[in-house]
Structure formats: C-alpha cells, structure tokens
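Working notes, structure below.
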Amino acid sequence: MPASQPPEPTTARTHTLRVDGLGVTVGQQRRAAVHGVTFEIARGESVGLVGESGSGKTLTCRSVLGLLPAGCNVAAGSIVLGAGDSEVELTTVRRRGWDRIRGLRLAAVFQDPASYLNPSLTVGHQLAEQLRVKRDLSRREAHARSVELFVEVGLHRPEQVFHQYPHELSGGMLQRVLIAIAVALEPELLIADEATTALDVVIQAEILQLLSRLRRDHHLSLLLVTHDLAVVAETCDRILVMYGGEIVESGPTGEVLTDPKHPYTRALLSVASIGDWTRRTLDVIPGSPPEAGEQMSGCRFAPRCSAAREQCTAGPVDLTPLDAARSARCVRVDELALTSVGGVA
Amino acid sequence: MSAPLLVVRDLTVTYAPPRRKGSLGTGAALSAVDLEIHAGEIVGVVGETGSGKTTLARATVGLVRPAAGAISFEGKELGVLRGRDLRDFRRSGQVQLAFQDPLRALDGDLTVAQVVAEPLDIVGGLDKAERRRRVDEALGLVGLETSFRDRHPRQLSGGQRQRVSLARAIVTRPRLLFCDEPVSALDVSNRNLVLRLLDTLRTELGLAVVIIAHDLSSLAGVADRVAVFYRGRLVEQGPIGEVLARPAHPYTALLTASAPSVQLEDRLHPDQLRHPLGDTGRTWSDGACVFASRCAFAHDACDEQPALLTVAGSGPDPTRRTAACHVADAWRTQLDPPLDRLDPQKEAVS
Ligand SMILES: Nc1ncnc2c1ncn2[C@@H]1O[C@H](COP(=O)(O)OP(=O)(O)OP(=O)(O)O)[C@@H](O)[C@H]1O
Ligand code: SF4
Ligand code: SF4
Ligand SMILES: [Mg+2]
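Which chain is which? The protein sequence lines are A and B, in order. As numbered in the working numbering, residues 1 to 345 make up the first sequence, in order. As numbered in the working numbering, residues 1001 to 1350 make up the second sequence, in order.
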C-alpha cells in the first residue's frame, strides 16, 4: 500500500475521512473501475456522492467499508479514518481488525435493508445483541437502549416493533431499523448508498430528514450516495460528482447546483428531479458512460460532451481547484464559465 | 372526447387474508375506485407500497376477480366474461402488463428475441416469419437495434433491460399498456429515456399507457393525468399540471412537498401536512378517511370516508378533477404557517 505524506496536524484533527488517490480494479483482468479518487469529509459534515449508474460510487464506498465484492481490489491510494490518536489507515486493515472499526466507527445502510437482517430473528434482538456484545450491556439495558433507538429513528410503537421479524415490516420501517443499528454504537461516519432509492417519496423525505437530525445530534459525518442530484440538494453540505470512475467536480451544494462548472454536472442537473412541475421536458444524457477499464485519452466525458474540443482528449485532465472550496476536471472550465448556462432556471 | 377505452366503476378488490400484516387492515386492496382511461393518453398512478396500484393493473387484465364494481374495456364488460371468453380476452393481448425488471426472473439462457417473442406464444396463430417480424418491430419501437436479438438479458444495462421488457409488452400490439414501476430501478438519465420512449409509443401506436410510479416528479414530464392512491382508495385525480401545482387532497400535497428537488426554494414542508406516525392522539373508526391517522387537517367529520367529488374552481373542465377530502377547498387556510409566506407562484390558481 502506498504511504501518503503525513497530513498537516491542523487539518487532520478536523477530518473524519480522507481518501487519497483511491484506485479500484475489477475482474480477473484487473480493469480499473475507480481511479485517483481524492476527497475528505470533515467531522459532522455531510457529503453527497453523485453520478450515473456505473460511475464507481458503490465501489468507492465499499472500499472505505472494506466490503469490496470478490474480485474487486483496492489497487492504489490511501483511506484514513479519524484523526490524531484514533487515526487508522483502512487499506491496511485485515480481517479481525475490521471488528473494531465496522459498526463501531464506520457504519452503512444500503438500498435493500431486508438483505442485511437475519430473517429468523426479531429486529429488536438483532439490535440488542449488537449492544450487548460491543457495548457490554446487560440484556435488560440492551433492550431499553434498543427501544430508545427505535424511538429516535421514528419507529411508531417501538416496543411492538422490537419483537417483530423483518418480513413483518415495510421497506421504510426496515430502513429505520437498519439506521438504528447503524448509529447504535455512535460511529464517526455513516455511509448511505442509495438508501432511499427504493422508497416512495414521502418515506424518502422522512429518512433524509432523519439522517440530518442524527448527524446534528450525534456529530455524525455522512456520505450520501445517489444518482439523483435532487436527493442530496437539501441534505448535503458538499457534493462530489463522479463520472467514469473519477471525481469530476466538487464544491458546496448550493454553488454546484446553481452554478455547475463541469459539463457533466450540468448534464446531471438537466436530468435531475427539478421540482418544477411546469417544466415538461425529459432530458437525457446522450450515449453511455465508459465501461470499467476502458482506456481513454484525456477527458472521459468527451464522447458525450457537447463542448468537447480537440484539446480535451490530447492529454490527461486533472481535477483542478477553482477556488478554496471548488474544483473541476475540465480543460475548458474557464471558457465555458463565460458562456455559462447558470444551472437550472 | 371519444369514448374511454377503459372504464373502472366502483371497483373493490379484496385478497382473502391480508397479504402482509398491517399493510391493509380490512383486507381490501382497492375500495370503490372510479377511473377512465382514453386511447392515446398517459395516466400516472402514484401511491406508496401497498396502496393498490398493482392490484388495479392485475384486476384490469383479469388476473384477480373484483369483489364489487365493474371494469369494461372498449365497452365490453369484463366481469361477466367466463371460461373461454375470459381466456380469449387475456389471449388477445390487448391489455398488457409490464412488470418492474421482469427479466431478472427469466431463464438466463434465453436470448432477447426469445424473451420478446414469448407473449406471442399465448396469442398463438402466427407463423415463424410473422413472429420474427413482430419481434423486430417491437425492438425497433423501443430503440434497440436488431443486433440485440441474440444477447442475453444479463449482458444488458438496466436501461436496456427495461426497454426489452417494454418490447415484450408491446409485441402483441396492445391497446392499453400497464407499466408497473418502469423506471424506479433506473438512474435519472435512463429514467427519462424510458419515459420518453413511452411517450413515443403512445404517439406512434395510439396506445393508452398507465404508468405506475412512486415518484411523482418522473411523471410530470410525461403523463397527461395522474391518479393518486392511498391505502386502496383513489384520493385525487385530474390533469397532472393542475394536480401538482395545486393539490386538492392533503396526501397529494404531502407527495409534492416530499418530492426531492434541486430548487432550494420555499415550499410546503411535509411537517405542515402530516402528523408523525401514530401521533394524532385519537382513534378513527374503520369507515374513517383513509388518510385521517396522518392528516394534519383531520377533524370530527373525517370519521367518515369522504366521496370523490369535483374540485371547485379548477381548470377549464371541472369534471375532470376530483378529490376525496371533506375540506379539499379549505385546508389551505389552516396551514401553519399560512400560505402567503410560501411560494406564491407555485400556489397560484392555475
Ligand atoms: N463485482 C464486480 N465485478 C466486476 N465489475 C464490477 C463489479 N462491481 C462493479 N463493477 C464495475 O465497476 C464500475 C463501477 O461500479 P459501481 O457499482 O461502483 O457503480 P455505481 O456508481 O455505484 O453505480 P449504481 O448507480 O448503478 O449503483 C462499473 O463499470 C461496474 O460494471
Ligand atoms: S474537458 Fe472537454 S470534453 Fe471534458 S468535460 Fe471539459 S469540455 Fe467537455
Ligand atoms: S377528509 Fe379529513 S382526514 Fe381525510 S384528507 Fe381530508 S381533512 Fe384529512
Ligand atoms: Mg451503486
């Protein structure tokens, strides 16, 4: 594993997660699916990771969680959780080491909550067991704390829910149970990968609200993964836009949404849930994203970019800072800003 | 307007034992639903899980028998069809259902062409050349090149798979197509692509399309009308622009207020419209308004389910817009904070 430079102590103390130059390969041919992904999440900060299907969002999250599918590997980069004394380089953690990290310091919720629960045990038992084992609580204490947590995640009749099996609960309730389990041990970082995608809008809004509240009350950092920019609009402080395995734009949510710098971000905005019911256009991003491992010279978005010029594919395009808070991976970013479309009207 | 293609009157469907505990207390999956669908029209059907959307589709194709009410297709009463007649109707393929990602359940060895051709087996009576022609026609309509014929579903992206499932649904040349959650598994760009495709099919085939969705925003760009379901009841329906701009039912308002939006504007907040689960502090009778236990405007009269009535002062043809709420015209005045603080443009009477 590469040893990155020790970070400056001042910044280090404030960060929950620092990912630097992450590369992930998939399959036997070790095709590069994620490359050079670098970002940070500050303590208590909420960051949205957004991009089309196949852009590498899930592989990035799973690398952080040490849960890459078989055949997928972290090939480059460093992932540092915590700061100061509690700092740990996650890419070097091996099997047993994860027991002291996953669930305790890092937690995650996914799109299909049912598959992360044991169908033959009550949901209360599954939460209480974790508290008993990892927090050393007595059976009675664990039960009481579980019910408190169920209340906190907005489950109605928590005592009753405690004794129910996963199949007896709706998708929205199951996701609340999973969130209760995820935050039970007060992790530093919660990763939500498309956690609300399968839910209807009312429940989705409730879960997003819940995540925001938990973040505030528990000083939790949040990494929210979705394909729809609209989902992160109200929940995240900052947005990372991913395309073809790379981060192509990052910046504060409001700025990115009102003044996107990268043509791909503009394209994503044009297809996002606008919330303006009078707008009756259904835009699509023409073409399809590159496959994992696809060799391309220069900008990976070029084949689909209406602003592409020869210069775009001449050589590597770096993620370049635009100001203290924003960066973009586009060689024409300055020219395009002059003819800015100014985001959604 | 021409005679409707599909007329649903007072439709009630009950599944013998409740299918999932707690989802529908009474066991009624649909109660007293009225709906009309015209040729060439796209109608969005929205509602949460278990609200009866899929049941409506299943009843219409004759997969479940209604407990009460009537369904007629092109003036033909379906409820009275028995035995052979019913089988013939199903076989005609005039009404087709496209389920969410149905290909996942299929044999992985089948090719795209075989998958698409399958409904033709049920229709029967076509020779090999005609079948091939129909399959190519269907693939062409959904924008898939014939080179996809021999691929296997697992070699396709989510968006391509959804297009194959649409090709499969239109291969019998139906008059009415029910799409159950056609886009909820797709990313935003593919979602729009598939919805645009449905729009094209409606134009080119004069097809009536019912899109079942849990996401209102995706319907805004494509549907002409929308029907909102809550716990087996049709609670509001009408032209989509009017319904979304000024919902008449508090649940519809909750849906629009909850929809994600990249516009960080001031608008109704979900908390203004509903109580947290189980927080109304009163119990309602079985016959109460289906939304009463969550509704911020529930009052004594709500102990009785309101009928679906014309919404006053809406649109050019008021009969096209109905809602089932005792205070459909008045709940806005009780909003906290009052409406004038909220986006005036959005709330303007359309
Ligand atoms: N287990 C795997 N084996 C081989 N390739 C994989 C595997 N998982 C992902 N990939 C490939 O890696 C790339 C990134 O996939 P990833 O799942 O991270 O995308 P994503 O952004 O999460 O997409 P989605 O929005 O569909 O969840 C894709 O090209 C995908 O096909
Ligand atoms: S570098 Fe060129 S091709 Fe790439 S996004 Fe910018 S303008 Fe488009
Ligand atoms: S009838 Fe009563 S409970 Fe039902 S939606 Fe209207 S105000 Fe709410
Ligand atoms: Mg993913």
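Cβ coordinates follow ideal geometry from the N, Cα and C atoms, glycine included.
Check: Is B:L1024 helix, strand or coil when you go by DSSP?
Finding: Below a pLDDT of 50, predicted positions are generally treated as unreliable, and B:L1024, at 42, falls in that range; no measurement from the model is reported.
Next item on the list: Can you say whether A:E45 is buried or exposed, counting buried as having 16 or more other CB atoms within 10 angstroms of its CB?
Entry: buried
Notebook entry, point to check: Pairing CB atoms from the region 199-208 of chain A with CB atoms from the region 1203-1219 of chain B, are three or more of them under 8 Å?
Noted result: yes
Check: B:L1156 touches chain A at which residues, Cβ-Cβ below 7 Å?
Finding: Under the 7 Å cutoff, chain A gives no residues; its nearest Cβ is about 11 Å from B:L1156.
Checklist line | A:H35 CB to nearest heavy atom of ligand 2 below 7 Å | finding: no
Check: Hey, would you say the C-beta of A:F110 is under 7 Å away from at least one heavy atom of ligand 3?
Finding: no
Item checked: Where B:Q1334 falls: helix, strand or coil (DSSP) -> helix
Next item on the list: Would you list, in chain order, the members of the region 1241-1272 of chain B that have their beta-carbon closer than 7 Å to a beta-carbon of chain A?
Entry: G1241, L1244, A1245, L1254, L1255, S1258, A1259, P1260, S1261, V1262, Q1263, L1264 and P1270
Check: Hey, quick one: how far does the beta strand (DSSP E) through B:F1178 stretch, first residue to last?
Finding: L1176 to D1180
Item checked: Residue range of the beta strand (DSSP E) that includes A:L20 -> One detail in the question is off: residue 20 of chain A reads as Asp in this sequence, not Leu. First-last of the beta strand (DSSP E) with A:D20: H15 to V26.
Next item on the list: For A:G378, name the three-state secondary structure that DSSP assigns.
Entry: Because chain A here runs from 1 to 345, residue 378 of chain A falls outside it and cannot be looked at.
Note to self: For ligand 2, is there any heavy atom lying closer than 7 Å to the beta carbon of A:Y165?
What the structure shows: no
Checklist line | Nonlocal neighbours in the same chain, by C-beta distance under 8 Å from A:M173, ignoring five residues either side | finding: L155 and V161
Check: Considering only the beta carbon of each residue, do B:D1010 and B:A1057 sit closer than 8 Å?
Finding: no
Checklist line | Continuous alpha helix (DSSP H) stretch holding B:A1113: start and end | finding: V1112 to V1123
Item checked: Counted within 10 angstroms of its Cβ, other Cβ atoms place A:V344 as buried (16 or more) or exposed -> Its pLDDT being 37, under 50, A:V344 is placed unreliably in this model, and the coordinates cannot settle the point.
Notebook entry, point to check: Going by alpha carbons, who is nearest to B:D1109 out of B:S1072, B:R1151, B:L1126 and B:G1050?
Noted result: B:R1151
Check: Should B:H1249 be listed as close to ligand 3, given that the test is whether its C-beta is under 7 Å from any heavy atom?
Finding: yes
Check: What did DSSP end up calling B:F1148 once you bin it into helix, strand or coil?
Finding: helix
Check: When you compare only the Cα positions, how much space is there between B:A1117 and B:P1066?
Finding: 30 Å
Next item on the list: Compute the minimum distance between the beta carbon of A:V262 and the heavy atoms of ligand 2, and state whether it is under 7 Å.
Entry: Per the sequence presented here, residue 262 of chain A reads as His, with Val not at that position. Under cutoff, so the answer is yes.
Check: Nearest to A:V225 by alpha carbon, out of A:G254, A:P252 and A:A192?
Finding: A:A192
Next item on the list: With distances taken Cα to Cα, identify the nearest neighbour of A:E249 among A:A144, A:H219, A:L268 and A:S221.
Entry: A:L268
Next item on the list: Anything in chain B within Cβ reach of A:E52, meaning under 9 Å, just list it in chain order.
Entry: D1187, V1188, S1189 and N1190
Note to self: So with CB distances below 7 Å, who are the chain B contacts of A:L229?
What the structure shows: V1262
Margin query: Would you say B:L1056 lies against chain C (beta-carbon separation less than 8 Å)?
Written below: As a matter of chain content, chain C is missing from the structure shown, whose protein chains are A and B.
Next item on the list: May I ask you to report which of helix, strand or coil DSSP gives A:R309?
Entry: coil
Item checked: Anticipated Cβ contact below 8 Å, A:N118 with A:Q126, distance rounded -> 6 Å
Notebook entry, point to check: Of all the CB atoms in chain A, is at least one closer than 8 Å to the CB of B:E1048?
Noted result: yes
Item checked: Contact set for A:L189: own chain, Cβ-Cβ below 6 Å, skip 5 residues either direction -> T16, L17, L106 and S221
Checklist line | Cα-Cα separation, B:G1025 to B:D1286 | finding: With a pLDDT of only 44 at B:G1025, under 50, the local geometry of the prediction cannot be trusted, and the value read off the model is given with reservation. So the two alpha carbons sit approximately 9 Å from each other.
Item checked: A:V64 versus A:L319 - alpha carbon distance -> 21 Å
Item checked: Check: A:H15 C-beta below 7 Å from any heavy atom of ligand 3 -> no
Check: What residue range is occupied by the uninterrupted beta strand (DSSP E) comprising B:I1042?
Finding: I1042 to V1046
Notebook entry, point to check: Along the chain, where does the beta strand (DSSP E) that runs through A:A83 open and close?
Noted result: No beta strand (DSSP E) holds A:A83; DSSP gives it neither H nor E.
Margin query: Output needed for A:A325: all residues of its chain with C-beta closer than 6 Å, excluding positions within five of it in sequence on either side, in chain order.
Written below: G251 and P252
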